[in-house]
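Participant:
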Amino acid sequence: MRSSVLSSLACMAVLALPGLAHANVGVAFVHGTGKQTNALADYWTAPFVDSVRQGLPNPSNYVVINCDFEQYMFDPEAAGCLAGQLTSFINTKKITSMVVITHSNGGNVIRWILSNPTYDSRYPKIINTIRWVDALAPSSLGTPLADAVTAGNSFEKSLGWLLGYKSEAVTMQQTSHMAFYNSNYLYGTAGRPALPRELWSIVGTDVDSSPLDNDSYCGGYSLNVGLETTQNWLDACSDGFLECSSQAGAGYVWFYDTEFAIGGEPLSHAQSRRNCFGLDVVLRNDV
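Numbered by mature numbering (1 follows the signal peptide of the UniProt record, and there is no 0), the letters in the sequence shown go through residues -23 to -1, 1 to 264 in order.
Here's what the structure looks like:
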């Protein structure tokens, strides 16, 4: 189990380098596809963020990123914006050790930074400060739903609420496009160099949307209904937006949802950014 291994390594590191015991630890929340101006309220929700940051020695050492992730991951509005906000957070709070929590396409944007340290002069300091990345349902290998939306078939209208209409980020998350980026520009996938900081994925495996099941309302009942519909066009193992193989495609799998979730519940793509079934507690204990 990752947590026990990391705890052992952390203890060894602290014994070897006493200064690490006094690291100023912070956590950054990096949203997925979309142009966010208030991701705390509109993407993560305050209950989720507030619960997770209580695991910090200083709970005020956190930042919620607001960037335009409708763009390609390497664009100034995406990776450039993320680099700017992370750098400001590190400098302002004097952060020396940072856990980055990403969701969905946010995992691709942080992986761009980790994979291309010479692309931007701000990247090396960010990389050196990152302890690890907790990637919630990352779209590391893309999704067939992006293929369908980009092709302009019947998915386009039904998925507009989920993906947006043919944005650069949706185009990028087509499976063939992500295969190209993974083979040429990104680290951490099979056959490619390892990432300079570990990326640990939490994989969502299913969607529940029964109106008689209270668990189906966590994260938004209407979102879960939509995700269960789109799940019909994905592999049997999926969170309604991403197949499990995509979520597990880069870095390491920390766990599959039902292994840790209260009651063995699955996490839909909407629920993996909410305090559903104890996810917030798992992350709180990790930071």
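Positions of the beta carbon are idealized from the N, C-alpha and C atoms, including for glycine.
Going by the CB atoms, is the gap between Ser116 and Leu219 shorter than 8 Å?
Facilitator: Yes, the pair counts as a contact, with Cβ atoms nearer than the cut-off.
Participant: For Ala227, does the count of other Cβ atoms within 10 angstroms reach 16, so buried, or fall short, so exposed?
Facilitator: buried
Participant: Compute the distance between the beta-carbons of Ile179 and Leu118, then report whether it is under 8 Å.
Facilitator: no
Participant: What residue range is occupied by the uninterrupted beta strand (DSSP E) comprising Val6?
Facilitator: The sequence shown places Phe at residue 6, not Val. Unbroken beta strand (DSSP E) run through Phe6: 2 to 7.
Participant: Are the beta-carbon atoms of Ile78 and Val4 separated by less than 8 Å?
Facilitator: yes
Participant: Measuring straight from C-alpha to C-alpha, what distance separates Gly168 and Tyr229?
Facilitator: 14 Å
Participant: Considering Cα atoms alone, identify which of Gly240, Asp263, Val202 is closest to His246.
Facilitator: Val202
Participant: Cutting at 7 Å between CB atoms, please list the residues of its own chain near Ser215, excluding the five before and the five after it.
Facilitator: Gln208, Cys221
Participant: Enumerate in chain order the residues of its own chain whose CB-to-CB distance from Asp257 is below 7 Å, with the five nearest sequence positions on each side excluded.
Facilitator: Phe25, Ser28, Val29
Participant: Can you list, in chain order, the stretches of the beta strand (DSSP E) that have 3 or more residues and sit fully within the segment 180 to 261?
Facilitator: 229 to 233
Participant: Note down, in chain order, each residue of its chain lying with its Cβ closer than 7 Å to the Cβ of Ile107, except the 5 sequence neighbours on either side.
Facilitator: Met75, Val77, Arg174
Participant: Hey, out of Asn43, Gly240, Lys71, whose CA is closest to Asn1's CA?
Facilitator: Lys71
Participant: Can you list, in chain order, the residues of its chain with a C-beta nearer than 6 Å to that of Tyr49? Leave out the 5 residues immediately preceding and following it.
Facilitator: Glu145, Met149
Participant: Give me the Cα-Cα distance between Trp89 and His80, rounded to the nearest whole angstrom.
Facilitator: 15 Å
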